[in-house]
Amino acid sequence: MRMRKPIHELVPEYFHDLPVYIPGKPIEEVERELKIRAVKLASNENPLGPSPLAVEAIKRALADSNRYPDGGSFLLHEKLSERHKMPPENIFIGLGSSELIDLAARALLRPGLEGITSHGSFALFRISIRASGAKLIETPLKDYTFDLGAMGRAITADTRVIYIANPNNPTGTMFNADAFDAFLEKVPDHVLVVLDEAYCDYVERTDYSRSLERVRQGHNLLVLRTFSKVHGLAGLRLGYGIGPAKFLAEVNKLRTPFNTSNLAQAAALAALDDYEHVRRSIRSNREGLQQMQAGLAALDVQAIPSFANFVLVELGTDANPVSEELLKLGVIVRPMRWMRFPNAIRVTVGTREENEKFLRAMAQIRASVTPAPGSLPR
Ligand SMILES: *Cc1c(COP(=O)(O)O)cnc(C)c1O
39 MRMRKPIHEL
49 VPEYFHDLPV
59 YIPGKPIEEV
69 ERELKIRAVK
79 LASNENPLGP
89 SPLAVEAIKR
99 ALADSNRYPD
109 GGSFLLHEKL
119 SERHKMPPEN
129 IFIGLGSSEL
139 IDLAARALLR
149 PGLEGITSHG
159 SFALFRISIR
169 ASGAKLIETP
179 LKDYTFDLGA
189 MGRAITADTR
199 VIYIANPNNP
209 TGTMFNADAF
219 DAFLEKVPDH
229 VLVVLDEAYC
239 DYVERTDYSR
249 SLERVRQGHN
259 LLVLRTFSKV
269 HGLAGLRLGY
279 GIGPAKFLAE
289 VNKLRTPFNT
299 SNLAQAAALA
309 ALDDYEHVRR
319 SIRSNREGLQ
329 QMQAGLAALD
339 VQAIPSFANF
349 VLVELGTDAN
359 PVSEELLKLG
369 VIVRPMRWMR
379 FPNAIRVTVG
389 TREENEKFLR
399 AMAQIRASVT
409 PAPGSLPR
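Mapping to my numbering: the sequence shown position 344 is 382, numbers consecutive.
Written out as structure tokens, the structure is:
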């Protein structure tokens, strides 16, 4: 037998220390391991469940599952085109918006080029940049918010993509349309801005975003939206991007031919008409955010003011043991050390009862969340 060279040694160098995305713990796993009932407030999912109209549509579509789906998602293109008053060519339907984050990097980056994102933002941004072999440039956050000025200054001749989330995950902070416009004006023509608006539906401010207008005006801007949050369809994996038609035509060559399933397409079509579910979800989140912020303030725990469906909670002490304690009390949250917030947890807004369970658990372990000596006063 000849000695074989292990094939994994031949993957490109820049793969080797690529971080693996760490998802929130599944409820079933926690319940099985700890033998308790748990609530999951770890992955920013919709606590009210999927759109009921989408569930009905999936049941109807199920019987056609022997057929390949419409690879071009024709009906969904039409519907989104109508909804956003944007030609179908400007819309790319993906396997979650995550697929678009990855494809933008694959289309534009390679070793020798640069991608920019911020510290303390969505992990897939930096993973996608690094997986392309390009150099990752990360600018610091300012007051838990994107520092758009610093991001603009980080652009070089080698920059091709900038990833920004608004509201940001995991901080929940936002910038307004004026701030973004001022930034966009300074971005040179060789750079694509990917603006991830996964949580846009939860922002109830008139000055929030004019991003689609900017796409219409021909900026190098790709706006990302998802069915995973307000529509409650995270498990079906469907998202979309709105951006320059000719760029999307190039990206389209990179995707697999049937990137989205028949069930996901049917669900998304129905969910777009489920105004009632969207309204209920937004109302429930508004009330839940208030409940969380008030409850945490009463415990003297610092929550970063959030515009999304989660809150970043600064504990003033190592968040890992606190998360473990919460887990034992049946509440799954996300410790944020891996996102460089060693003392913070991210907590998704749940139903009233779930939020109460979280706040009760926090009160119970309050003793262990007193600020470490020398930490900043709250
Ligand atoms: C949840 C989330 C998404 C959604 O990703 P999908 O792949 O569409 O499920 C995208 N971006 C950010 C920043 C998110 O937090």
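All C-beta atoms, glycine included, are put in the ideal place defined by N, C-alpha and C.
Quick one, are the C-beta atoms of residue i and residue j less than 8 Å apart?
| i | j | result |
| --- | --- | --- |
| Asp102 | Asn297 | no |
| Leu292 | Leu141 | yes |
| Asn258 | Asp227 | yes |
| Pro178 | Ala188 | yes |
| Leu353 | Val339 | yes |
| Val225 | Val231 | yes |
| Ile280 | Leu250 | yes |
| Tyr59 | Ala161 | yes |
| Arg252 | Leu222 | yes |
Under 7 Å from any heavy atom of ligand 1, does the C-beta of residue i make it?
| i | result |
| --- | --- |
| Phe345 | no |
| Asn207 | yes |
| Gly277 | yes |
| Asn300 | no |
| Ala203 | yes |
| Ser322 | no |
| Phe213 | no |
| Ser135 | yes |
| Asn82 | yes |
| Ala357 | no |
| Lys267 | yes |
| Ala161 | no |
| Ala272 | yes |
| Ala236 | yes |
| Thr389 | no |
How many angstroms separate the CA atom of residue i from the CA atom of residue j?
| i | j | result |
| --- | --- | --- |
| Gln402 | Lys395 | 11 Å |
| Val371 | Phe345 | 18 Å |
| Ala308 | Arg148 | 39 Å |
| Thr209 | Gly158 | 7 Å |
| Gln78 | Lys43 | First, the amino acid is wrong: residue 78 is Lys here, not Gln. For Lys78 and Lys43, the distance between alpha carbons rounds to 44 Å. |
| Pro359 | Ile383 | 11 Å |
| Ala302 | Glu176 | 34 Å |
| Ile202 | Pro295 | 28 Å |
| Tyr246 | Arg275 | 26 Å |
| Asp311 | Glu288 | 30 Å |
| Glu363 | Ala332 | 22 Å |
| Ser413 | Gly134 | Summary for Ser413: the model assigns pLDDT 49, below 50, so the residue's position carries little reliability, and this model does not support an answer. |
| Ala305 | Arg404 | 42 Å |
| Pro85 | Ser319 | 8 Å |
| Gly87 | Ala272 | 10 Å |
| Ile131 | Met41 | 45 Å |
| Thr22 | Cys238 | Residue 22 cannot be examined here, being either before or after the span of the chain that is shown, 39 to 416. |
Report the three-state DSSP secondary structure of residue i (helix, strand or coil).
| i | result |
| --- | --- |
| Ile96 | helix |
| Gln402 | helix |
| Lys43 | coil |
| Leu133 | coil |
| Leu397 | helix |
| Ile74 | coil |
| Gly412 | Note on Gly412: pLDDT 47, under 50, position unreliable in the model; the coordinate value appears next. DSSP places Gly412 in coil when its eight states are reduced to three. |
| Ser103 | coil |
| Glu314 | helix |
| Lys173 | strand |
| Phe112 | helix |
| Ser361 | helix |
| Ala382 | strand |
| Glu152 | strand |
| Ala306 | helix |
| Leu367 | coil |
Hey, would you say the C-beta of residue i is under 7 Å away from at least one heavy atom of ligand 3?
| i | result |
| --- | --- |
| Thr264 | Among the ligands in the structure shown, ligand 3 does not appear; only ligand 1 can be found there. |
Going along the chain, which unbroken runs of the beta strand (DSSP E) with 3 or more residues stay wholly within the stretch 210 to 256? 230 to 234
Pick out the complete beta strand (DSSP E) segments inside the stretch 270 to 295, 3 residues or longer, and give them in chain order. 277 to 280
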